[in-house]
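K.L.:
Sharing a structure below in structure tokens format, with a few things to ask.
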Amino acid sequence: MALLLGLLISLHAKIPNRIGSLGSLVETVLPWFGLFVPVLLAGALWRRSAAATAALLLPVVAWLNLFGGLLIDRSTPGGDLTVASHNVGADNPEPVRTARELVASGADVLALQELTQQARGTYEKELAEAYPHHTVQGTVGLWSKLPLSDTRPVDIQMDYGPLAATKPAEIKMSYNRALRTTVTTDHGPLAVYVAHLGSVRVNPRAGFWTTHRDRGAKALGEAVAAERNERVVLLGDLNGSVGDRAFGDITSRLRSAHDAAGDGFDFTWPATFPLVRIDHILVRGVDPESARVLPPTGSDHRPVAAGISWSG
14 MALLLGLLIS LHAKIPNRIG SLGSLVETVL PWFGLFVPVL LAGALWRRSA AATAALLLPV
74 VAWLNLFGGL LIDRSTPGGD LTVASHNVGA DNPEPVRTAR ELVASGADVL ALQELTQQAR
134 GTYEKELAEA YPHHTVQGTV GLWSKLPLSD TRPVDIQMDY GPLAATKPAE IKMSYNRALR
194 TTVTTDHGPL AVYVAHLGSV RVNPRAGFWT THRDRGAKAL GEAVAAERNE RVVLLGDLNG
254 SVGDRAFGDI TSRLRSAHDA AGDGFDFTWP ATFPLVRIDH ILVRGVDPES ARVLPPTGSD
314 HRPVAAGISW SG
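Residues 14 to 325 (the numbering used here) are what the sequence shown spells out, left to right.
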């Protein structure tokens with residue numbers, strides 16, 4: 014069992030996705046496979062088996078190779094700009110408290126996802142004093158202390174198929190889930206993307222159902238690939254871990270601020286007992302100095318923030 018666990022951790026990328034997206038599911042929860050090590054160790058000691066104990070070296074080394082670096086504090090003081098992101102939750106019963114706690118985080122640029130028509134006005138009112146510049150495109154928005162320009166929605170193909178082109182633009186905008194804008198900073202323009210990819214489901218018939226999310230991830234990756242600005246930040250709820258192969262088009266072009274400059278695994282969902290990081294800050298052309306998960310609000314997600322500085 015120890016050898017099988019080690020092989021699973023080491024060769025997770027070889028697990029096929031053809032049946033129920035099993036490979037993506039394993040990669041989403043892969044850090045938790047480390048919990049089997051102390052269980053197997055207890056069994057080996059109970060059996061007084063030297064061979065079983067020695068066999069545990071394989072999963073331990075494989076796990077540490079992937080995740081050992083996340084066990085230490087990788088943050089450094091400083092940073093030219095603080096960015097934050099939060100899926101505020103469509104069913105959040107406390108939007109006023111949520112908005113005020115986000116202001117208290119001190120973020121210079123704040124991205125929100127899952128904005129409803131009912132709560133939008135509350136967030137605009139509560140954030141207006143701290144953030145004089147903002148844009149809302151459908152269900153996602155960006156609030157900034159710095160000027161915004163060249164703002165537009167990004168098509169992450171929530172509509173797909175022959176009927177998608179027949180829908181009026183105003184209808185599509187009502188549930189648009191991604192945007193792109195430029196933040197004007199003292200160091201030059203910063204391209205900022207905000208995204209809320211499609212949800213995933215786990216059920217007996219479909220397995221790990223990720224169709225909408227994966228299609229959105231590919232479209233978002235193409236948008237980032239076409240971005241001409243050298244400095245890019247992506248803020249959002251991607252509904253998956255960046256270790257999931259489905260995000261290859263994104264992670265091949267952007268790096269995780271939390272992996273580079275976080276402290277621990279920085280899980281964000283569910284808020285009451287986070288099991289996975291699905292809320293992300295990804296960057297290109299800037300250096301992450303620190304990344305952290307903020308205290309829970311009234312949402313089922315926890316907010317994330319990162320300090321970034323200009324390289325070069």
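Note that CB positions come from ideal geometry on N, CA and C, so glycine has one too.
Which full runs of the beta strand (DSSP E) of 3+ residues lie inside the segment 269-313, going along the chain?
P.N.:
292-297, 299-306
K.L.:
Taking Cβ positions, are HIS99 and VAL153 nearer each other than 7 Å?
P.N.:
no
K.L.:
Can you tell me whether PHE286 is buried or exposed, with buried defined as 16 or more other CB within 10 angstroms of its CB?
P.N.:
That one is exposed.
K.L.:
Less than 7 Å between the beta carbons of LEU16 and ALA68, yes or no?
P.N.:
yes
K.L.:
Does DSSP classify ILE321 as helix, strand or coil?
P.N.:
ILE321 falls in the strand class under three-state DSSP.
K.L.:
Just the C-alpha distance for SER187 and LYS180, rounded to the nearest angstrom, thanks.
P.N.:
11 Å
K.L.:
Please report how far the alpha carbon of VAL73 lies from the alpha carbon of ALA64, in whole angstroms.
P.N.:
The straight-line gap from Cα to Cα measures roughly 15 Å.
K.L.:
Can you name the start and end residues of the beta strand (DSSP E) that TRP59 belongs to?
P.N.:
Unbroken run through TRP59 is the alpha helix (DSSP H), 49-60; no beta strand (DSSP E).
K.L.:
So, with DSSP's three-state summary, where would you put ASN189?
P.N.:
coil
K.L.:
Can you tell me which residues form a DSSP beta bridge with ASN216?
P.N.:
GLY220
K.L.:
Measure the alpha-carbon distance for ASP199 versus TRP45 and round it to whole angstroms.
P.N.:
42 Å
K.L.:
Mind reading off the beta-carbon distance from SER37 to ASP257? Whole number of angstroms is fine, and I expect it under 8 Å.
P.N.:
5 Å
K.L.:
Below 8 Å on the Cβ atoms is my contact criterion, and I expect ASP276 with ARG60 to pass it. Report the Cβ-Cβ distance as a whole number of Å.
P.N.:
Between ARG60 and ASP276 the Cβ distance is about 37 Å, and since that is not below 8 Å, they are no contact.
K.L.:
Take THR197 and list the residues in its own chain whose beta-carbon comes closer than 7 Å to its own, dropping the five residues that flank it on each side.
P.N.:
LEU159, PRO160, SER162
K.L.:
What is the residue span of the beta strand (DSSP E) that ARG244 lies within?
P.N.:
DSSP places ARG244 in no beta strand (DSSP E); its state is neither H nor E.
K.L.:
Which residues in the same chain have their Cβ closer than 8 Å to the Cβ of LEU140, if we skip the five residues on either side of it in sequence?
P.N.:
Taken in chain order, the residues that qualify are ALA112, LEU115, VAL116, LEU123, HIS147, TRP156.
K.L.:
Would you check if the distance between the CB atom of THR95 and the CB atom of ALA120 is smaller than 7 Å?
P.N.:
Yes.
K.L.:
From the DSSP output, read off the bridge partner residues of TYR206.
P.N.:
ARG193, LEU247
K.L.:
Tell me LEU43's beta-bridge partners as DSSP assigns them.
P.N.:
Paired residue(s): none; LEU43 is not in a bridge.
K.L.:
Can you check DSSP and say which residues form a bridge with ASP86?
P.N.:
ASP276
K.L.:
Between GLY253 and ILE294, which are expected to be in contact by the criterion C-beta below 8 Å, what is the C-beta distance as a whole number of angstroms?
P.N.:
In fact, because the Cβ distance is near 15 Å, the residues do not count as touching under 8 Å.
K.L.:
Determine whether the beta carbon atoms of PHE280 and LEU267 lie at a separation below 7 Å.
P.N.:
Between PHE280 and LEU267, the CB-CB gap reaches or exceeds 7 Å.
K.L.:
Quick check on GLN131: buried or exposed, where buried means 16 or more other Cβ atoms within 10 Å of its Cβ?
P.N.:
exposed
K.L.:
CA-CA distance, GLY33 and GLY229?
P.N.:
18 Å
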